[in-house]
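In what follows, a structure is listed as structure tokens, so that the remarks can point back to it.
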Amino acid sequence: MGSLTKYVSNDHPEFAVLIEDDDKVCYAYLLNEERIVGDIWLYNSVPTPRESEWHKRENLPFLNPAEFVKENLEAFDAISPVEVTWDLVEETVANIFLASRLIAKLTVGSFPGWSSLVTKDGPLAQKM
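Here you go:
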């Protein structure tokens, strides 16, 4: 059973991060007024494939292949220590933490955002 968790900015409630795990793959989406303005791959929920699957649209949302994955997290659940912090001074930045460890960063227009869980830049995440 997939999961959706929404983290809304207290200071600017028009901004939120939606984390979606569809039991295949998990992504985080930066929302502005409920419109997606940034995205980032977080982890594969199924075994990480050797080959990329992004050449076929029917595979959406895409798994990140082994050549890009530095670390694949365990699937988040209701008690996973996930936290989103906001930096809204110069630009909108959402920092996603797992157990006090920064794992991803999203800004408006980041398609994709940045991740500490990848080995190199790719179409699903940029190396942080």
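My numbering applies: residue 20 is where the sequence shown begins, and numbers increase by one. The beta-carbon is built from N, C-alpha and C at its ideal position, and this holds for glycine as well. Remember, it's a predicted structure, so these values are computed and weren't measured experimentally.
Look up Ile38 in the DSSP assignment and give the residues it is bridged to.
As a position in the sequence shown, residue 38 is number 19, starting the count at 1. DSSP output for Ile38 lists Thr24, Ala47 as bridge partner(s).
CA-CA distance, Leu117 and Glu72?
Counting from 1 along the sequence shown, the entry for residue 117 is found at position 98. Counting from 1 along the sequence shown, the entry for residue 72 is found at position 53. Their Cα atoms are separated by approximately 27 Å.
Rounded to a whole number of angstroms, what is the C-alpha to C-alpha distance between Ser28 and Asn83?
As a first step, residue 28 must be located in the sequence shown, where it is residue number 9. As a first step, residue 83 must be located in the sequence shown, where it is residue number 64. If you take the alpha carbons of Ser28 and Asn83, they lie about 28 Å apart.
Could you pull the start and end residues of the beta strand (DSSP E) that Thr104 belongs to?
Start at 1 with the first residue of the sequence shown, and residue 104 comes out as number 85. Segment 101-106, the beta strand (DSSP E) holding Thr104.
Determine the extent of the beta strand (DSSP E) in which Thr67 is found, giving its start and end residues.
The count along the sequence shown starts at 1 and reaches residue 67 at position 48. Here Thr67 belongs to no beta strand (DSSP E), and DSSP marks it neither H nor E.
Report the three-state DSSP secondary structure of Asn114 (helix, strand or coil).
Within the sequence shown, the letter at position 95 stands for residue 114. The answer is strand: DSSP assigns Asn114 an E or B state.
Within 7 Å, strictly: CB atoms of Ser129 and Gly57:
What you label residue 129 is simply residue 110 of the sequence shown in a count that begins at 1. What you label residue 57 is simply residue 38 of the sequence shown in a count that begins at 1. Result yes, Cβ atoms of Ser129 and Gly57 sit closer than 7 Å.
Taking the C-alpha atoms as reference points, what is the distance between Ile59 and Leu79?
As a working note, residue 59 is residue 40 in the sequence shown. As a working note, residue 79 is residue 60 in the sequence shown. Cα to Cα, Ile59 sits roughly 14 Å from Leu79.
Burial state of Asp40 (16 or more Cβ within 10 Å):
Indexing the sequence shown from 1 puts residue 40 at position 21. Per the 10 Å Cβ criterion, buried.
At the level of alpha carbons, what is the spacing between Asn51 and Pro142?
Walking along the sequence shown from the start, residue 51 turns up at place 32. Walking along the sequence shown from the start, residue 142 turns up at place 123. Their Cα atoms are separated by approximately 22 Å.
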